[in-house]
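Visitor: FYI, the numbering for the sequence shown is 8 to 549, going by the numbering used here.
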Amino acid sequence: MNRLRGKTTELFGIDLRSLAAFRIGAACVLLLDLWYRGQEITAYFTDVGVLPRMDRINILESGDEFGFRHTWSLHLLSGEYWAQLGLMLLAAMFASWLLLGYRTRLAAVASWVLLMSIDSRNPVLLNSGDVLLRSMLLWSLFLPLGARWSIDAAYAGKTEQFPTRVISMASIAMLLQLCMMYWFSTIFKMKSLDDMPSPWMRDYSAVYYALNCDAFASRIGLWLRQFPMVMQLLTGFSLWLEVVGPLLAFSPWLTKWFRSGVVGIFIVFHIGLGLCLTIGLFPAICIVGWLVFLPSEFWDVIATRARNATAPLSYSAEQANERHDASRRFITGLATLVKLVADAIPPRVRTRVRGWFARPETPYIRRRWYVEMGIVCLLVYVVLWNVREINFKYWESRVMSRHWNAPARIFGLDQNWSMFAPLPRTEDGWLVMEGTLRDGTIVNLWDFDKPLPWSKPLLVSATYHTQRWRKYLDNITTEPYAAYRIPFCEWLARRWNEEHATGEKGREVYRVELSHRIELTPPPGKPIPDPETRVLWTMYFE
Numbered sequence: 008m009n010r011l012r013g014k015t016t017e018l019f020g021i022d023l024r025s026l027a028a029f030r031i032g033a034a035c036v037l038l039l040d041l042w043y044r045g046q047e048i049t050a051y052f053t054d055v056g057v058l059p060r061m062d063r064i065n066i067l068e069s070g071d072e073f074g075f076r077h078t079w080s081l082h083l084l085s086g087e088y089w090a091q092l093g094l095m096l097l098a099a100m101f102a103s104w105l106l107l108g109y110r111t112r113l114a115a116v117a118s119w120v121l122l123m124s125i126d127s128r129n130p131v132l133l134n135s136g137d138v139l140l141r142s143m144l145l146w147s148l149f150l151p152l153g154a155r156w157s158i159d160a161a162y163a164g165k166t167e168q169f170p171t172r173v174i175s176m177a178s179i180a181m182l183l184q185l186c187m188m189y190w191f192s193t194i195f196k197m198k199s200l201d202d203m204p205s206p207w208m209r210d211y212s213a214v215y216y217a218l219n220c221d222a223f224a225s226r227i228g229l230w231l232r233q234f235p236m237v238m239q240l241l242t243g244f245s246l247w248l249e250v251v252g253p254l255l256a257f258s259p260w261l262t263k264w265f266r267s268g269v270v271g272i273f274i275v276f277h278i279g280l281g282l283c284l285t286i287g288l289f290p291a292i293c294i295v296g297w298l299v300f301l302p303s304e305f306w307d308v309i310a311t312r313a314r315n316a317t318a319p320l321s322y323s324a325e326q327a328n329e330r331h332d333a334s335r336r337f338i339t340g341l342a343t344l345v346k347l348v349a350d351a352i353p354p355r356v357r358t359r360v361r362g363w364f365a366r367p368e369t370p371y372i373r374r375r376w377y378v379e380m381g382i383v384c385l386l387v388y389v390v391l392w393n394v395r396e397i398n399f400k401y402w403e404s405r406v407m408s409r410h411w412n413a414p415a416r417i418f419g420l421d422q423n424w425s426m427f428a429p430l431p432r433t434e435d436g437w438l439v440m441e442g443t444l445r446d447g448t449i450v451n452l453w454d455f456d457k458p459l460p461w462s463k464p465l466l467v468s469a470t471y472h473t474q475r476w477r478k479y480l481d482n483i484t485t486e487p488y489a490a491y492r493i494p495f496c497e498w499l500a501r502r503w504n505e506e507h508a509t510g511e512k513g514r515e516v517y518r519v520e521l522s523h524r525i526e527l528t529p530p531p532g533k534p535i536p537d538p539e540t541r542v543l544w545t546m547y548f549e
């Protein structure tokens with residue numbers, strides 16, 4: 008019985024050091040994400056941006072059949088720049104606390120709430136990495152994230168005896184969440200198209216189609232697609248890795264070896280993916296997710312090597328005295344500065360601040376049966392949701408009705424892993440944002456100082472200012488996102504007028520035409536046809 012319990016803990020438990028590594032990695036990703044989004048606060052999140060609050064509410068919630076009215080966002084409380092900036096700074100503060108392991112539970116909950124909020128404010132910007140991050144962060148809220156490598160653990164000292172590994176329904180859910188992404192993505196890739204096998208299975212040409220999607224392809228991706236055999240090998244490798252890799256991670260035999268190998272392979276896989284395709288933080292999020300699979304033995308080896316590498320070195324007494332004197336001068340000067348600042352603060356405020364920062368937070372979270380049952384229900388719900396997404400029309404009446412969508416919208420667990428599946432896009436292209444001024448001048452409303460890109464750019468993926476912009480502009484070319492074209496065209500005109508009109512009526516935008524230059528990807532070995540033009544939207548301004 009003890010052997011079975013030990014193997015169960017090894018398979019479904021998480022080492023506290025792996026959990027700490029996940030915490031640190033997730034915090035770094037959150038800070039990076041905030042940095043990238045923060046560069047376009049006005050465009051993404053304010054009422055003078057591409058999606059004012061009323062447009063967002065009307066588009067998502069008018070005639071809502073899929074539960075979008077249950078989404079929530081603190082960022083919808085105000086459309087002003089200062090409010091959005093304040094919320095992002097608050098999110099950065101809590102992400103920094105999470106990184107350091109200070110008040111870890113509070114930091115984790117607040118980070119998840121603010122991540123949910125900013126995701127919901129403008130969902131057109133999101134990709135699968137955002138869904139994975141907020142899902143894994145949700146499961147981690149029920150685990151002792153601050154039990155290792157944290158300020159909380161340092162405060163706690165030896166008053167709390169932590170186990171090496173923690174096992175609970177939350178640890179099981181967290182491990183399975185990452186695996187579900189790969190498994191359900193594989194199911195999508197294996198689906199037939201018009202009774203024909205998908206290119207993932209038929210001729211292993213899926214990577215060819217993915218790299219020929221110029222909106223995603225990087226310079227390395229462009230170089231790689233000149234090797235047909237390599238792309239076929241990568242297609243087969245990617246498909247079977249997503250099936251076999253997560254299964255081997257739960258192997259009851261040689262678990263530590265399989266897990267270490269699988270984690271290493273997936274890290275290399277996602278680094279390669281990020282080098283070939285411009286998909287933002289998705290590879291980094293997946294790598295962070297795999298950290299929870301690292302076995303205890305991995306950290307034991309690292310700790311042993313670190314102790315050996317930091318063995319004491321001999322040096323002269325004179326060097327020691329010099330370092331001691333320099334350290335003493337620095338600490339004395341710093342203490343004097345701190346005392347001056349502290350004396351300027353009223354004693355009552357000083358006492359309260361000291362109490363806030365000195366109060367430790369117990370890292371260990373005790374398991375409660377009702378919490379465990381709640382996580383079980385939520386995990387079953389997520390599995391059923393993913394099953395339904397495979398074929399919504401078929402499974403809705405058999406597995407889960409759309410009327411049960413509310414929990415997924417509330418907790419951010421609405422998932423769909425049909426990434427580049429069952430067929431990577433064969434219709435690619437780029438946008439032409441043409442503006443006509445009142446004096447008849449035709450201008451480029453995206454890159455003001457450049458001509459309109461009617462000819463194909465040398466590197467299409469580089470024409471998007473950020474990955475978020477690529478996702479947004481890519482989405483609005485499709486019919487499900489057609490309603491978002493109107494506020495986007497209004498934003499294009501408004502941005503030009505603010506920067507160039509300066510009160511001159513003739514320099515104001517009179518007409519905006521949003522065109523999609525479409526380039527079809529032919530089967531391997533066939534010539535690429537000339538691009539075609541499809542006008543997505545034309546708008547006139549009085």
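Even glycine gets a Cβ: it sits at the ideal position worked out from N, Cα and C. Note that the coordinates shown come from a computational prediction; the quantities given were computed from them, not determined experimentally.
1) For R63 and F305, what's the separation of their Cα atoms in angstroms?
2) Taking 8 Å as the CB-CB limit, is G45 close to chain C?
3) Under 6 Å Cβ to Cβ from T166, same chain only, skipping five residues before and after it: list those, please.
4) Count Cβ pairs between the region 404-420 and the region 202-210 that sit closer than 8 Å; are there 3 or more?
5) For A28, I'd like the list of residues in its chain whose CB is within less than 6 Å of its CB, leaving aside the five on either flank, ordered along the chain.
6) Considering Cα atoms alone, identify which of I382, W424, W376 is closest to E574.
7) What does the alpha-carbon distance come out to for the pair G447 and E515?
8) Tell me which residues share the same chain as D421 and place their Cβ nearer than 6 Å to its Cβ, disregarding the 5 neighbours each side in the sequence.
9) Write down the C-beta distance between L84 and L121 rounded to the nearest angstrom, noting that I regard them as a contact closer than 8 Å.
10) By a C-beta neighbour count over all protein chains shown, 10 Å radius and 16 as the cutoff for buried, is G381 buried or exposed?
11) So for T166, helix, strand or coil by DSSP?
12) What's the C-alpha gap between Q389 and R76?
13) Could you spell out where the beta strand (DSSP E) holding W207 opens and where it closes?
14) Just mark W119 as buried or exposed, buried being the case when its beta carbon has 16 or more other beta carbons within 10 Å.
15) Are three or more beta carbon pairs between the region 191-208 and the region 241-249 nearer than 8 Å?
16) Could you give the first and the last residue of the continuous beta strand (DSSP E) run that contains L83?
17) If you reduce the DSSP assignment to three classes, tell me which class E497 lands in.
18) Which stretch, first to last residue, makes up the alpha helix (DSSP H) that contains D40?
19) Quick check: A490 and I66, are their CB atoms within less than 8 Å of each other?
20) Do the region 124-135 and the region 474-488 meet, that is, are 3 or more Cβ pairs less than 8 Å apart?
21) Checking the sheet assignment: what are the DSSP bridge partners for A224?
22) Taking the C-alpha atoms as reference points, what is the distance between D126 and R172?
23) Going straight from the alpha carbon of Y377 to that of V383, what length do you get?
24) Nearest-angstrom Cα distance between V542 and R492?
25) Quick check: the region 308-315 against the region 41-50, are there 3 or more CB pairs under 8 Å?
26) Under 7 Å Cβ to Cβ from P367, same chain only, skipping five residues before and after it: list those, please.
Guide: Judging by the given coordinates:
1) 47 Å
2) In the structure shown, chain C does not exist; there is a single protein chain.
3) Low per-residue confidence applies at T166: pLDDT is 48, beneath 50, and the placement is therefore not dependable enough to give any value.
4) no
5) L298
6) Only positions 8 to 549 of the chain appear in the structure, and residue 574 is not among them; the question remains open.
7) 10 Å
8) A415
9) At roughly 13 Å, the Cβ-Cβ gap does not stay under 8 Å, so L84 and L121 are not in contact.
10) exposed
11) Any reading at T166 needs caution, since the residue's pLDDT is 48, under 50, leaving its predicted position unreliable; the model's value is listed next. T166: coil per DSSP, three-state reduction.
12) It should be pointed out that residue 389 corresponds to Val in this sequence rather than to Gln. Distance between the alpha carbons of V389 and R76: 19 Å.
13) No beta strand (DSSP E) contains W207, which DSSP labels as neither H nor E.
14) buried
15) yes
16) Element bounds for L83: n/a, residue is neither H nor E.
17) helix
18) 23-45
19) yes
20) yes
21) L284
22) 32 Å
23) 10 Å
24) 11 Å
25) no
26) With a pLDDT of only 49 at P367, under 50, the local geometry of the prediction cannot be trusted, and no value is derived from it.
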